[in-house]
Every structure is written in structure tokens, then in C-alpha cells.
Amino acid sequence: MASQLIQPHGGELVDLMVDSATAEQLKADSRDLPSFTLQPRHLCDLELLLNGGFSPLRGFMGQADYDRVCSEMRLVDGTLWPMPITLDMDAKTAEEAQDAGRLALRDVEGVMLAVLTVSDVWRPDTMAEGEAVFASSDPDHPGVGHLMRSTAPVYVGGSVQGLQYPVHYDFTELRRTPAQLRAEFDAAGWSRVVAFQTRNPMHRAHVELTRRAAVEADANLLIHPVVGMTKPGDVDHYTRGRVYQHIIKRYPENSAMLAMLPLAMRMGGPREAVWHAIIRKNHGVSHFIVGRDHAGPGSDASGNPFYGPYDAQDMLQDYTDELGVTMVPFKMMVYVPDSDSYHPVDEVDEGTATLSISGTELRDRLASGDEIPEWFSYPEVVAELRRTHPQKSKQGFTVFFTGLSGSGKSTIANALMSKLLERGGRPVTLLDGDVVRTNLSSELGFSKEHRDINITRIGYVASEITKHGGIAICAPIAPYAEPRRRNREAISANGGYVLVHVSTPLEVCEERDRKGLYAKARAGIIKEFTGISDPYEEPIDADVVLPTVDQTPDEEAQIIIDHLEAEGYLDPMGD
Ligand code: PPS
Numbered sequence: 027m028a029s030q031l032i033q034p035h036g037g038e039l040v041d042l043m044v045d046s047a048t049a050e051q052l053k054a055d056s057r058d059l060p061s062f063t064l065q066p067r068h069l070c071d072l073e074l075l076l077n078g079g080f081s082p083l084r085g086f087m088g089q090a091d092y093d094r095v096c097s098e099m100r101l102v103d104g105t106l107w108p109m110p111i112t113l114d115m116d117a118k119t120a121e122e123a124q125d126a127g128r129l130a131l132r133d134v135e136g137v138m139l140a141v142l143t144v145s146d147v148w149r150p151d152t153m154a155e156g157e158a159v160f161a162s163s164d165p166d167h168p169g170v171g172h173l174m175r176s177t178a179p180v181y182v183g184g185s186v187q188g189l190q191y192p193v194h195y196d197f198t199e200l201r202r203t204p205a206q207l208r209a210e211f212d213a214a215g216w217s218r219v220v221a222f223q224t225r226n227p228m229h230r231a232h233v234e235l236t237r238r239a240a241v242e243a244d245a246n247l248l249i250h251p252v253v254g255m256t257k258p259g260d261v262d263h264y265t266r267g268r269v270y271q272h273i274i275k276r277y278p279e280n281s282a283m284l285a286m287l288p289l290a291m292r293m294g295g296p297r298e299a300v301w302h303a304i305i306r307k308n309h310g311v312s313h314f315i316v317g318r319d320h321a322g323p324g325s326d327a328s329g330n331p332f333y334g335p336y337d338a339q340d341m342l343q344d345y346t347d348e349l350g351v352t353m354v355p356f357k358m359m360v361y362v363p364d365s366d367s368y369h370p371v372d373e374v375d376e377g378t379a380t381l382s383i384s385g386t387e388l389r390d391r392l393a394s395g396d397e398i399p400e401w402f403s404y405p406e407v408v409a410e411l412r413r414t415h416p417q418k419s420k421q422g423f424t425v426f427f428t429g430l431s432g433s434g435k436s437t438i439a440n441a442l443m444s445k446l447l448e449r450g451g452r453p454v455t456l457l458d459g460d461v462v463r464t465n466l467s468s469e470l471g472f473s474k475e476h477r478d479i480n481i482t483r484i485g486y487v488a489s490e491i492t493k494h495g496g497i498a499i500c501a502p503i504a505p506y507a508e509p510r511r512r513n514r515e516a517i518s519a520n521g522g523y524v525l526v527h528v529s530t531p532l533e534v535c536e537e538r539d540r541k542g543l544y545a546k547a548r549a550g551i552i553k554e555f556t557g558i559s560d561p562y563e564e565p566i567d568a569d570v571v572l573p574t575v576d577q578t579p580d581e582e583a584q585i586i587i588d589h590l591e592a593e594g595y596l597d598p599m600g601d
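Each residue of the sequence shown is one higher than the one before, counting from 27 in my numbering.
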């Protein structure tokens, strides 16, 4: 059955879900179809394709749409659409899909959610895509980083028929499809609705801003936070969901509604703002708030912002006639202590004292346990944030050693473990190279591929320990920079991460040769031996570098303890 269009108020809405008879038929057909397991971003995109949040799209983009979206922000038929919605996969599955003409799209548990009828298969130039869409080739931009590091080589485009929405078990009463939201607005008699997009917890400034926007637009308010994928390091959506449930009570009764959007953000700044506006129009709103640095990816490594703070507002302005939704632009809100009130920064008289707390400062205050003032947030919101973001000295952390075989990693790691256990407070787990290879990675050898798997496994275990408030000490060689970087990213999201480079020179390690392995490596008896016949990529991002030649293991362990104290992970007088 072809997908249909339903038309409540607010423009045409695509609905790609098929009826039950067609679903049964597709399931029966699927026995002969190749399958693809959707990654988290694909799942988000699929959900919004299926429920019409991405109207007028009817599937993952083919090459012609993709090319024109990249270069002109338009689909082939001329419709404004700023963001590529593509399905990337490995070459083998793509070839199977092309041969079969159709592809079963499944979730990680194997449930078939949709069938893709293949129209296009191509290898994209992801660097060019990054330049076109994000105006950047810097992997520190999350959108570019995703293209460079996490995007599979082949794109497969085609129309989609939906059998089942991706399943959610959390906040089910707050997840609303575009059709549901439109119906709720109708039922409430809301003809004008202004939507507020956010990926952060909300505080007083946001409530003040959204109230003003509602008055300005003479509209009711939809708080519409993104709960799909946001910027790495953001507050998780479970915590935010509880925060929003507190926040919604701060608005006058029947004036505001809360719904969650399963969007995977790209942090594309101006282009993303246009995309957000189109998605909100599809959800039935008439107005859309765009504030400072909307969907901004932050700054590059040298501290330069990727986009100007009001570039997104400017771009939306350019497309205002086509969007079908009216932008409500807002400058940054600041607190004026004299009047105990919030105002957009451009409405405050020069010389008036103002206060604000940045996201970074808020994180710092949570980490240090410092006060978060009532003018900034509500007590129930702060309490919620403190529950999931305890101060640093109560968080879990990982100390990740890297260094050559025989450099002294294990000895220092053991010394560190003893010192931490003596202080007490948190459970400590030592994941030493040899121990891991016995218990977690016994089938692995020392090829680059196997070493990467080994380090990824260690990182996974360490990140779980860290998440649960414990201390993980890892001491593998970890010779490659990329898996170390991935571990840092994953573990930092859950607590502390300290990379320690045990930088004992190769000559010293070889001279010590405690296990006799260097002699065997020189003789060619052991192949792929790090430092001799295999590479060691020296870290340039180590938090602590230990020279080891002139110091005892006890002194080295104390250097790490000092660092952990300075960073706030350990209380100076013990836990
Ligand atoms: S890696 O690269 O991080 O996965 O290596 P790791 O798991 O730490 O394992 C290193 C220990 O295995 C022994 N060994 C070798 N090391 C390097 N290269 C080769 N080819 C090799 N073969 C065996 C060696 O004893 C290492 O232990 P340490 O404690 O580092 O000396």
C-alpha cells in the first residue's frame, strides 16, 4: 500500500505506516530480504520519517535530493529542506540491498520496523558534505566528527514503509507524534502555538523567555525538548525529562504543554534551525523560538565559535516566507538583580548590573558542590541535577595507563590501587593488561584489529565502573590513539577520565626486559611486538606523563593521587 497524506491543521503530514494486512505481507516477504540493523541516529531519523515529523520526506534521501540539499538546501522538487537524511551502511549490505531491491530495517533486537525500497546506492564524499552542510571540515564539530568517524561508506536511499515505530519505554506519555500533537492542540482550542526547542535542562531564564515569547506571539506554548541524540556531554534525557516535568508546573495552568521529540541533532547551527522550524511546523505549531546560538556546536579547539551567535536567526529570516512557521527571535536573557527580573540583553539599559551563569559554570558548580543561586534556577530543578551530577569527589573515574611493555604500568597501577584502597570511599577495579587478556580477551592476538578490540572492551568495562561511581584503573599498552580517544569520550560522559602516559624510553624497557619478550621480539620469535616490530603512537593528550626513570613506583603513584586531588576527584584529606 502506498503511504498516505493526512491533513489536520498545519499543512500536509506524511504518514508512512502501513495497514496491518500490508504489514503482514511485508513480514512474510522479509524472509527473502537482506536486513540492516539501524544505528541510534538511523532509528531517530526513521521514527520522524514514519510519523511525518520529516514531512514531506517519504524515505531516506536518494542521491539527487542529497546533492541538492547539500548545495542549495532544497529537495529536487524545490522544497526547502536543509539537512541530509541518509542511510549509511557497509558496502556488502548496500550491495545486497541493491540486488534485492528492498531492505528490511531492523532495530538492535532484530524487530523489523520498516522496509526500504531501494532507489539509489552511492558512495558519498563526506568531507564535501561536511563543508556544504556545516561549513566546516573540523572533526571537533560534532556533525563533521560524525561524518568523519562514524559514517559508513555507502548511502542507500529509497522510500520507506513502516510496520512499527521504534519502541520506547520511558516518558511514554510525553512522546507525541505530529498527528497526536495537532489533535491535542485542536482539542485544547489552541490555534496559535509557539514551540521552544531545547537540549538542556531548563532554568528561570528559559521560563521567562518562553513566557515572553508566548505573550509576544499571542500563542500557547509547546515545550518541545529533543530526547533523541544531542551533543556529546549533554545532560542525559532522563534527567532532563524529570526537570521538564518540574518546569512545566511553573507556567500558568493550561497555557503550556510538554512533549518530547525523538530527533537526532546534528548541531548544524543555522541550517539546523531551519530544519527544526520545519519539524515544528509539521508538529502543528505556528511559531518557533530561536534564541542565541541555536543548535550551536560550540567552539573549535582554538576557542573560535563555529557560527555567530545570531547566524541561525539570520538564516531563518531569509526563509521566513517559505517556512510556514513564524520565528520568534530572542536575544540572550540576563538577570537584573535590582529588579529581581529577567530581560533580553538588548533591552537592558547600559550600565545596569546584570548576572548570568553559563552552562560551563553551572557544570563547574555542580562538580564542585558550590551553591546554585535561586535567581538562576528552581530548587526542585537543582535537586534533580544534583542527583545525577554529584560533585566530583563523589563521582566515579578511570585512570587509564598507556605505555610500552615493561614501562612500569602494572607496578604503578598496583601502587595506585593500594593507595586508593587505603583511603577508602569507592570500590577500585584494576584492569591490568595481562589480567584482561586472560579474563576478557583470551582469544585475541596482537594485530591492530585485535588490539583495538581489546582496548574497546577495557574502555567499555571502565566506563560502566565509572558510571556506577567506582574507580577503574586500566593498564594495557593501548598503542593506538583512536581507540584511546574513543574511550576518553565514552568514559568522560560517565565521570572522570585521566590518561597517564608511562613514558619510559624503549631502550630502558628493552634493557630491563623482565619477561624476556624484547629479546624474543628482536630474534623474530614474537611478531608484532610494540616498539620493535609494531607501532606505539605516543599520546599528545596525556593528563599525566610519568618519566619513571628517576622515580620510585610509590612516588609515581603519588603524582597521580596529587593530580586526582587537584582535579577534585579525591578530597585532599581522603574521601
Ligand atoms: S594492547 O596492545 O594494549 O592490546 O596490549 P596488552 O593487552 O596491554 O598486552 C600487552 C602484554 O602482552 C604481552 N605481549 C605483547 N605485547 C606487545 N606486543 C606483542 N606482540 C606482545 N605479545 C605478548 C606483553 O607481556 C604485554 O604486557 P606488559 O605488561 O605491557 O609488558
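Backbone N, C-alpha and C fix where the C-beta goes; we use that ideal spot for every residue, glycine too.
Distance check between Ala439 and each of Ile479, Asp580 and Pro251 places Asp580 closest, using alpha-carbon atoms only. Among the bridge pairs identified by DSSP, Met115 is matched with Val180. For Gln271, the uninterrupted alpha helix (DSSP H) run begins and ends at His263 to Ile273, by DSSP. Minimum Cα-Cα distance from Ile566 among the listed residues Leu532, Ala507 and Arg306 corresponds to Ala507. Secondary structure of Pro251 (DSSP, three-state): strand. The alpha-carbon of Gly329 is positioned some 30 Å away from that of Tyr264. Counting only the Cα atoms, Ala120 lies some 9 Å from Phe62. Per the C-alpha coordinates, the member of Val193, Arg149 and Thr198 positioned closest to Val180 is Arg149.
Nearest to Ala519 by C-alpha distance, out of Val454, Gly156, His415 and Ala158, is His415. His194 is not a Cβ neighbour of Ala221, given a cutoff of 8 Å. The nearest non-hydrogen atom of the ligand PPS is 7 Å or more from the C-beta of Gly550. In this structure, DSSP gives Trp148 an extended state, which the three-state scheme calls strand. Taking the CA atoms as reference points, Phe197 sits about 8 Å from Met286.
Following the DSSP letters along the chain, one finds Gly522 inside the beta strand (DSSP E) bounded by residues Gly522 to Val528. Cα atoms of Leu349 and Ala140: separation of roughly 29 Å, rounded to the nearest angstrom. The ligand PPS approaches Phe472 closely enough that one of its heavy atoms is under 7 Å from the residue's Cβ. Relative to the Cα of Gly188, the nearest Cα in the group Gly85, Ser217 and Gly594 belongs to Gly85.
Excluding the 5 residues flanking it on each side, Arg128 has same chain C-beta neighbours closer than 6 Å at Leu59, Val141 and Thr143, in chain order. Contiguous beta strand (DSSP E) elements confined to the stretch 279-320 occur at 282-284 and 313-316, taking only those with 3 or more residues. Of all alpha-carbon atoms in Asp366, Arg389, Gly322 and Phe332, the one lying nearest the alpha-carbon of Leu381 is that of Asp366.
At a Cβ-Cβ threshold of 8 Å, Tyr523 and Phe423 count as neighbours. Residue environment for Met153: exposed (fewer than 16 other C-beta atoms within 10 angstroms of its C-beta).
Relative to the ligand PPS, the beta carbon of Val362 is positioned no closer than 7 Å to any heavy atom. Taking 7 Å as the cut-off, one finds at least one heavy atom of the ligand PPS near enough to the beta carbon of Ser436. Taking C-beta separations shorter than 7 Å and ignoring five residues to either side along the sequence, the partners of His476 in its chain run Leu470, following chain order. Rounded to whole angstroms, the separation of the alpha carbons of Glu155 and Gln271 is 38 Å. By the CB criterion at 8 Å, Asp460 and Leu525 fall outside the cutoff. Classified as exposed, Glu563 has fewer than 16 neighbouring CB atoms from the shown chains inside 10 Å of its CB. Taking Asp478 as the centre and dropping the five residues before and after it, the same chain places the C-beta of Pro509 closer than 6 Å to its C-beta, in chain order.
In the structure shown, Ala54 falls within a helical segment according to DSSP collapsed to helix, strand and coil. If only uninterrupted alpha helix (DSSP H) runs of at least 4 residues are considered, those enclosed by the stretch 382-413 are 385-394. Remark: the shortest separation between the CB of Asp460 and any heavy atom of the ligand PPS falls under 7 Å. Spanning the alpha carbons of Ser403 and Arg306 requires a straight line of approximately 27 Å. No Cβ-Cβ contact shorter than 8 Å links Leu430 with Ala583. If you check the C-beta of Asp539 against the ligand PPS, you find no heavy atom less than 7 Å away. In this structure, Glu564 has its CB at a distance of at least 7 Å from all heavy atoms of the ligand PPS.
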